[in-house]
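Notes follow once the structure below has been shown.
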Amino acid sequence: MRSRAPGIAVWLLVAAVVLLAYLFAPRFISDFHSRELAGAGVFFIAIVGLNLLTGYTGQISLGHGALMAVGGYTTAALAVHEHWRDVWTIPLAGVAAGIVGFLIGLPALRLSGLYLALATFAFAIAIPSLLKKFSGLTGGSQGLRLLEDAPLQVTGLSGTVTIFGHTMTQNHFLYYLTWGIGLVGFLIAWLLVRGRVGRTFRAVRDSEVAAASVGINLAWTKTLAFALSGVYAGVAGSLLAIQVEIVNPLSFTFLLSILILVGVVVGGLGSLGGMILGALFVQYLPDLSTHVSTAEGAPDFIFGAAIIVVMLLLPTGVGGFLRRLARPLTTRLYLRP
Amino acid sequence: MARVKYLILLVLGALALATVAAGAASETGVTSTQVTIGGTTPLSGPASAYQSVAKGAAAYFRYVNAKGGVNKRKINYIYKDDAYDPSKTVDATRELVSQDKVFAIFNSLGTDQNLATRAYLNALKVPQLFVASGATTFGNDYKKYPYTIGYQPNYRAEGTIYGRYVVKHAPKSRIGVLYQNDDYGKDLLAGLQRGLGAKAGLVKSKQSYNVDDPDVQSQIAKLKAAKVNTLMVFATPKFAIQAYVYARKLSWKPLVYMNAVSSAANIMGLSTAATNKKQTEGTISIVFLKDPTDPAWRNNSGMKLYRSIMKKYKGGNPNDVYAVYGMSVAHTFVAALQKAGKNPTRAGIMKAADSLNVTNDPFLLPGISVKTSATDHFPLDQARLQRYHDGHWVAFGGLFRVR
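Taken in sequence, the protein lines are chains H and U.
Mapping to our numbering: the first sequence position 214 is 214, numbers consecutive.
Count along the second sequence starting at 1, add 337, and that's the number in our numbering.
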């Protein structure tokens, strides 16, 4: 145990730095930039969730954008039809997407690898059409607009939010809300993957046969991973709806699913630390690429090229790179008597 | 309604406080040398072909600036990418308002995209000028959203023109409709039925598709099976081209009415190349802009100006009719800004936009004016019919005015 103490100290230091950065970042950036960071936080939560599934359990999902749609529409529909305050819908949005995640996890019991990816892809493709079909609930192709249909349910309508006597702008509130939930979600994911659940996840990823032979219930493990991952995606979708105050089928096309997967791969599969950078990558790069060139088709091309370059330079993602950087430091710490 | 009022009051209160604190004298986004405006457009993603609208407008503003601007102020037009995703439109628009501090939102593209930001902009009293969408609501609902105004002929009016034409000239038609399953397609369909009036029974089959569908093959097959001889295509370019292609595959040649969204000469050229000249021959559509590929305008002074601006101020492909649209809407903005006077305010430019009478827009068909009033919030509501003949559009008949 003695040899682990310095390692724990390093982690505590990292946690303290992250917490300080979280608390004080808005002081150093403009109001609008806190809003952009909140947008990155949405990606962060979805990416952490998908990483549990793809990075740790080895199940590829191209349907996480659709799970975000389930969360976002749960929030918007509860606010518009049932007059719930927007932020109180977040837990239910997570539960709803978790259930849907569990259901789309069922094919995972029979399919694996690319075939599973295709099945979840089909779900991602179908969701926008399904959303248009049930227009009474979802607003059809127009979607739902909270500012018009449920302004009283929007937190921070007047431009500021007061919590415990502390007043802040709406954008700062969105930042603290999103990253607060994101960091708690990250902590839960970290605790999960360190313990028994994480070991079963990794066992299933590394060899299903070996995992089954030591008594791991494959069906239970896979569907649990899908459901858990769905909860994260649902919460992310809900926060997106709260931030932009609308939901629309055009926001949840399969491109969103792909963007989340890009975030996971760039962040580093199976690494939680890289996820923040993965989230910043998918939040800022598409916009940055329109600054390089606005010629027709150029932004998409630049974004694609950037992904390829990152994968060539950092094949294990940013997370793998960070681990490699930190290895000499941490091994020495561990070895020191 | 009470809720919306409550919302507006709240936001107004906050704003009034902010203004008092800042002690601001001049209008946001207006300095003695510059007026900053902004809008969203898809620069990336599947709808990025529409970006020519913003680029044409930007080229026209550069031309105006080179000539000295409006009341000695240059127009700084910032357009941001939203990838046609309304949630990104919200973020980009908020960035324009709060970060770039624009005077007005101008020429943002797309129906859902503009609906997504309308309540926000109206609550803050930021003008949402000349929305690039033909949805009827942008002209109709000005009482609820006084800071929003549309531009192009609205979809319902266009559908009405087709309906009236059929009643007058081909009352024995059997009509089939292919329409996009959203407000845009349904607006056109509603207009068609209004134009047909008592003859609405001529519509024998209506087939819809979703914008994310891969193709419209089965819809075209069903329309053919319904034995219709007149096909109304209320679809975006990709599906419009497919309509011709799949009709030809079934050796079916109905008389096509093509909605203006997809009737640009370059798109018709693609349809013709993908099928043959016979398939697109005789197609009918409406037109309100001068078509840059139409030889009839080769020596027209307006189109000469257009081509020189495109070349000198890097507007992009000069054969793209979307760029002509962009220049026309920019021309209208300049007219509104001039009308708003030496010290333009947000309220002032809305007032100017509500009392336009521009008869000299060089990019519109002769005779078409940009006209608005306190009760008419449809700047463009005139158009002519045109027929596709031998690889070109040929206008026929007089000007229609429909609301």
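The beta carbon of each residue, even a glycine, is placed where N, CA and C say it ideally should be.
Keep in mind it's a predicted model, so treat the numbers as computed, not measured.
In the three-state reduction of the DSSP assignment, U:N680 falls in the coil class. Non-local C-beta neighbours of U:P490 in its own chain, meaning closer than 8 Å and more than five positions away in sequence, comprise G471, A597, I623, F625, F715, L717, D718, Q719, A720 and V739, ordered along the chain.
The straight-line gap separating the alpha-carbon atoms of H:G55 and H:L269 is approximately 4 Å.
Taking a Cβ-Cβ cut-off of 7 Å, the neighbours of U:L380 in chain H comprise T290, T294 and P299, given in sequence order. Secondary-structure assignment with DSSP links U:W730 through a beta bridge to U:Y725.
In the three-state reduction of the DSSP assignment, H:F173 falls in the helix class. Flagged as an interface residue toward chain U: H:P286, by a C-beta distance shorter than 8 Å. Per DSSP, U:N451 has no beta-bridge partner at all. Setting aside the 5 residues that flank it on each side, H:V282 is surrounded in the same chain by F43, L259, V262 and G263, each with a C-beta closer than 7 Å to its C-beta; the list follows chain order. Taken through DSSP and simplified to helix, strand or coil, H:G143 comes out as coil. Across the region 438-466 of chain U, CB contacts with chain H closer than 7 Å involve D449, L452, A453, A456 and Y457, in sequence order along the chain. Around U:D519, the beta-carbon contacts reaching into chain H at under 7 Å are S141. Taking the Cα positions, H:L130 is about 44 Å away from U:G735. Residues are counted here when their Cβ sits less than 9 Å from a Cβ of chain H; for the region 524-549 of chain U these are N547, V548 and D549, given in chain order.
Its Cα nearest to that of U:L568, the residue U:V540 stands out among U:P574, U:L587 and U:V540. Not a single C-beta of chain U is nearer than 8 Å to the C-beta of H:R85. Interface residue (Cβ-Cβ distance to chain H less than 8 Å): U:D422 is classified as such.
Between U:T426 and U:Q450, the C-beta spacing is below 8 Å. For the pair U:V514 and H:Y22, the Cα-to-Cα distance works out to about 55 Å. Within the same chain, Cβ atoms closer than 7 Å to the Cβ of U:P508 are found at K536, the five residues on either side in sequence being excluded. Annotation: Cβ neighbours of U:R431 in chain H (cutoff 8 Å, chain order): F32 and R35.
Straight-line measurement puts the Cα of H:M311 at about 54 Å from the Cα of U:A689.
Residues of chain U whose Cβ lies closer than 8 Å to the Cβ of H:G39 are, in chain order, D428. U:F737 is bridged by DSSP to U:A720. For H:R145, a Cβ of chain U is located within less than 8 Å of the residue's own Cβ.
Within chain U, the residues N518 and N547 have their CB atoms less than 7 Å from the CB of H:K132, given in chain order. Contacts between H:L250 and chain U, judged by CB atoms closer than 7 Å, involve Y421, D422, P423 and D449 in chain order. The region 442-506 of chain U is shown to contain whole alpha helix (DSSP H) runs of 4 or more residues at 448-460, 474-477 and 492-506, in chain order. Taken through DSSP and simplified to helix, strand or coil, H:V262 comes out as helix.
In the three-state DSSP reduction, H:F164 falls in the coil class, being neither helix nor strand. The DSSP assignment places 614-617 as complete runs of the alpha helix (DSSP H) inside the region 603-632 of chain U, in order along the chain (cut-off: 4 residues). Annotation for U:V658: A601, A602, L626, D628 and P629 place their beta carbon closer than 7 Å to its own, counting only its chain and skipping 5 residues before and after. Only residues of its own chain outside the window of five on either side were considered, and among them I246 have a CB closer than 6 Å to the CB of H:R145, listed in chain order. Counting along the chain, the unbroken alpha helix (DSSP H) around U:I557 starts and ends at Q554 to A562. Against chain H, the beta carbon of U:S710 has no neighbour under 8 Å; the closest one sits roughly 26 Å away. By the C-beta criterion, the region 31-51 of chain H is judged to be in contact with the region 176-186 of chain H, since at least 3 inter-stretch pairs fall below 8 Å.
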